[in-house]
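Q:
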Amino acid sequence: MFARRTDSRFTMDVIVTPAEGGTVWQLTDLLGRSMGRITASAPRQFMIYPGGHASETMAGIQQGPHASLDAALAEIERHTRGVCRRNPGEDQL
């Protein structure tokens, strides 16, 4: 996991990979370990479901609903103080 220390918290970068017909995005750390997923349950309803190694890191995150995928990713970035990146080779989210 790529983590940087900032003040008393760690930052974490997240790779975002589309899956399951454009309604689910898998979240992984830079070592490929699962950090959960984002699911679009309805228009303008994107939910963050932390999992795996991110359960503790994302404790207290605003899971949603978020109005867009970008808003959900911004919440992850704000909470982890890291960067959400598209999986290399993926053209669109």
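Numbers 4 to 96, taken from the numbering used here, label the letters of the sequence shown in order.
Note that the Cβ used here is the ideal one computed from N, Cα and C, for glycine as well.
Taking M38 as the reference, give the member of S58, P46 and G25 with the closest Cα.
A: Of the candidates S58, P46 and G25, the one whose C-alpha sits nearest the C-alpha of M38 is S58.
Q: Report the partner residues of I51 according to the DSSP bridge assignment.
A: The partner list for I51 (beta bridge, DSSP) reads I41.
Q: Please say whether W28 and T42 have beta carbons closer to each other than 9 angstroms?
A: Yes. Within cutoff.
Q: Where in the region 62 to 90 do unbroken runs of the alpha helix (DSSP H), each at least 4 residues long, occur, reported from the N-terminal end onward?
A: Entirely contained in the region 62 to 90, the alpha helix (DSSP H) runs reaching 4 residues are, in chain order, 72 to 83.
Q: Tell me the DSSP secondary structure of M15 in three-state form.
A: Looking at M15 - three-state DSSP - the assignment turns out to be strand.
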